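In the UniProt record's numbering, the protein residues as written are 3 to 329. Glycine included, every Cβ here is placed at the ideal spot set by N, Cα and C. The structure presented is a predicted model; accordingly, all values stated were derived computationally and were not measured. One structure is given here, and the rest of the page talks about it.
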Amino acid sequence: QKLLLIDTDCGIDDAQAIMMALAEPTVKVVGITCCFGNTTVDYVCQNVVKVLSVCERSEIQVFRGACCPLVGGKNDFTDHFGTDGLGDVLEDRDSEVWKDKIQKEHAALAMIRLASENQGKISLVAVGPLTNLAMAVRLDPTFPRNLKDLYIMGGNMEGKGNMTPCAEFNFVMDPESAYVVLEEYLCPTHIATWEFTCRNTLPWVRSVYIFKIYMVNQDTAAAKFMKLITSKCWAFSKTFGENNRDVHFGQGFVPYDSFAVAACIDQRTVTDSIQCPVRVELQGSLGRGMLALDPTNMLKKSHSASVMKSCDQTKFCKLLMASLNQP
Ligand code: BDR
Ligand code: CA
Numbered sequence: 003q004k005l006l007l008i009d010t011d012c013g014i015d016d017a018q019a020i021m022m023a024l025a026e027p028t029v030k031v032v033g034i035t036c037c038f039g040n041t042t043v044d045y046v047c048q049n050v051v052k053v054l055s056v057c058e059r060s061e062i063q064v065f066r067g068a069c070c071p072l073v074g075g076k077n078d079f080t081d082h083f084g085t086d087g088l089g090d091v092l093e094d095r096d097s098e099v100w101k102d103k104i105q106k107e108h109a110a111l112a113m114i115r116l117a118s119e120n121q122g123k124i125s126l127v128a129v130g131p132l133t134n135l136a137m138a139v140r141l142d143p144t145f146p147r148n149l150k151d152l153y154i155m156g157g158n159m160e161g162k163g164n165m166t167p168c169a170e171f172n173f174v175m176d177p178e179s180a181y182v183v184l185e186e187y188l189c190p191t192h193i194a195t196w197e198f199t200c201r202n203t204l205p206w207v208r209s210v211y212i213f214k215i216y217m218v219n220q221d222t223a224a225a226k227f228m229k230l231i232t233s234k235c236w237a238f239s240k241t242f243g244e245n246n247r248d249v250h251f252g253q254g255f256v257p258y259d260s261f262a263v264a265a266c267i268d269q270r271t272v273t274d275s276i277q278c279p280v281r282v283e284l285q286g287s288l289g290r291g292m293l294a295l296d297p298t299n300m301l302k303k304s305h306s307a308s309v310m311k312s313c314d315q316t317k318f319c320k321l322l323m324a325s326l327n328q329p
């Protein structure tokens with residue numbers, strides 16, 4: 003079994019991505035670390051505990067991490083997935099029972115420890131702002147060497163963004179951390195950028211089939227949960243997709259983070275990629291947080307990343323559908 007450590011800012015697409023990893027028999031999730039992003043880090047922890055309980059996988063340990071970026075104050079959270087990150091539809095929000103399920107160890111320390119206990123065996127999948135990852139490498143610069151590889155959902159590859167005109171949410175929320183990670187993590191690094199996830203997302207018919215027909219007909223806790231939490235964001239995503247057809251072919255719920263998990267589970271879901279040095283832009287009012295690709299290595303970097311270009315939709319859809327079939 004592949005060992006996966008997931009770092010998340012658990013919004014709706016993160017929940018979907020976590021469920022994909024949990025459903026995959028070739029994968030063992032060794033822990034989930036939480037970061038602010040789609041919502042506060044407390045809601046993120048609560049959301050992860052909820053997803054694990056829905057999938058009857060509460061034995062997986064959950065670690066609380068960063069509540070804000072490395073530099074500057076708290077960024078505004080997007081309202082894309084509601085105040086609580088899961089569409090504001092869950093009823094048991096006031097209960098504090100979830101707090102008992104969070105480990106005492108900080109997320110960044112847990113990452114370092116787990117990688118050291120499983121030398122070269124852990125794939126780290128990061129689907130939120132990269133603050134915990136940046137903290138971990140600053141606490142222990144040797145830590146990335148103990149990882150097998152790193153999969154990131156974040157950044158952009160064509161200078162287009164979803165938070166600013168040219169930068170993507172996870173990188174904009176903490177540009178310094180994204181910079182540190184892409185400079186310091188010298189392990190094999192795979193990036194599912196925002197444009198990649200939009201361009202390779204499911205055509206409308208397939209998306210409707212999976213999330214409206216297939217999902218509704220599954221009598222599983224995971225499918226019922228996804229139906230509930232996507233009930234509001236679907237309408238928003240459809241309108242956004244229709245208004246932004248050039249980059250957003252999905253026109254429905256886009257499972258951004260699931261692309262990173264799918265690539266980690268099965269490299270064959272990625273059919274084409276660009277291998278090149280990358281760097282995060284830290285300056286500028288529009289460019290801050292933008293991912294720059296450097297195919298001719300003008301930056302003279304020794305390390306390059308694999309930036310995903312296209313995906314095998316049939317394989318990806320199979321993994322998506324499997325995630326709804328649990329427990
Ligand atoms: C990313 O931003 C978050 O809203 C999503 O969960 C995803 O990780 C997409 O830009
Ligand atoms: Ca996310």
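Cβ pair count under 8 Å reaching 3, the region 85-98 against the region 126-139: Touching, no.
Residue from G156, V129, G289, A294 whose Cα sits closest to the Cα of I8: I8 has its Cα closest to that of V129, out of G156, V129, G289, A294.
Buried or exposed by the 16-neighbour rule on C-beta atoms within 10 Å, applied to L24: Buried: at least 16 other Cβ atoms inside 10 Å.
Those residues, in chain order, that have a beta-carbon closer than 5 Å to some heavy atom of ligand 2: Matched residues: D11, D16, V129, G130, D259.
Residue closest to F198, alpha-carbon to alpha-carbon, out of L188, V210, Y258, V139: With distances taken between Cα atoms, F198 lies closest to Y258.
Range of the contiguous alpha helix (DSSP H) that encloses D15: Taken as a continuous stretch (DSSP letters only), the alpha helix (DSSP H) holding D15 covers 14-25.
Exposure of L322, with buried meaning 16 or more beta-carbon neighbours within 10 Å: Buried, by the Cβ-count rule.
Alpha helix (DSSP H) segment containing residue 338, residue limits: Within the shown structure, residues of the chain are numbered from 3 to 329, placing residue 338 beyond reach of any answer.
8 Å Cβ cutoff met for T85 and T41: When the beta-carbon positions are compared, T85 and T41 come within less than 8 Å of each other.
Member of P190, G156, C12, A180 whose CA lies at the smallest distance from the CA of S304: Taking S304 as reference, the option from P190, G156, C12, A180 with the minimal CA-CA separation is P190.
CA-to-CA distance, G286 to S55, given in whole angstroms: Taking the Cα positions, S55 is about 43 Å away from G286.
Segment contact, 8 Å Cβ cut-off, at least three pairs: the region 28-35 with the region 99-119: Short answer: they touch.
Beta-bridge pairing of T271 - partner residues as DSSP gives them: Looking at the DSSP output, T271 shares a beta bridge with no other residue.
L322: first and last residue of the uninterrupted alpha helix (DSSP H) it sits in: It spans 315-325 - the alpha helix (DSSP H) in which L322 sits, taken as one unbroken run.
Best match in I267, P71, K162 for proximity to A19 [C-alpha to C-alpha]: Selected option, being the one with the closest Cα: I267.
Straight-line gap, E107 to F65 (C-alpha atoms, nearest Å): Counting only the Cα atoms, F65 lies some 7 Å from E107.
Residues near S208 by beta carbon distance below 8 Å, same chain, minus five either side: For the sequence presented, residue 208 should be read as Arg rather than Ser. Spatial neighbours of R208 in its own chain (CB-CB distance under 8 Å, excluding positions within 5 residues in sequence) are listed in chain order as Q315, C319.
Proximity test, F38 beta-carbon vs ligand 1 heavy atom, cut-off 7 Å: Not under cutoff, so the answer is no.
Distance CB(A68)-CB(V43) smaller than 8 Å: Going by C-beta atoms, A68 is nearer than 8 Å to V43.
Cα-Cα separation, G289 to C168: Roughly 6 Å between the two C-alpha positions.
Beta-bridge partners of R140, as assigned by DSSP: Bridge pairing for R140: absent [DSSP].
Heavy atom of ligand 3 within 7 Å of D142 beta-carbon: As far as ligands go, the structure on display features ligand 1 and ligand 2 and does not contain ligand 3.
Spatially closest choice to A180 from S233, M292, Y45, by CA coordinates: Comparing Cα positions, the closest option is M292.
Contact test: V155 Cβ vs ligand 1 heavy atom, cutoff 7 Å: It should be noted that the sequence gives Met, not Val, for residue 155. True, at least one ligand heavy atom lies under 7 Å from that Cβ.
Any non-hydrogen atom of ligand 1 within 7 Å of W196 CB: Yes, the Cβ of W196 comes within 7 Å of a heavy atom of ligand 1.
Member of D142, K311, F213, A223 whose CA lies at the smallest distance from the CA of Q328: Answer by Cα proximity: A223.
Spatial neighbours of K76 in its chain, beta-carbon cut-off 7 Å, leaving aside the 5 residues before and after: Excluding sequence neighbours, K76 sits near C70.
6 Å CB neighbourhood of L230 in its chain, flanking five on each side removed: Hits under 6 Å: V91.
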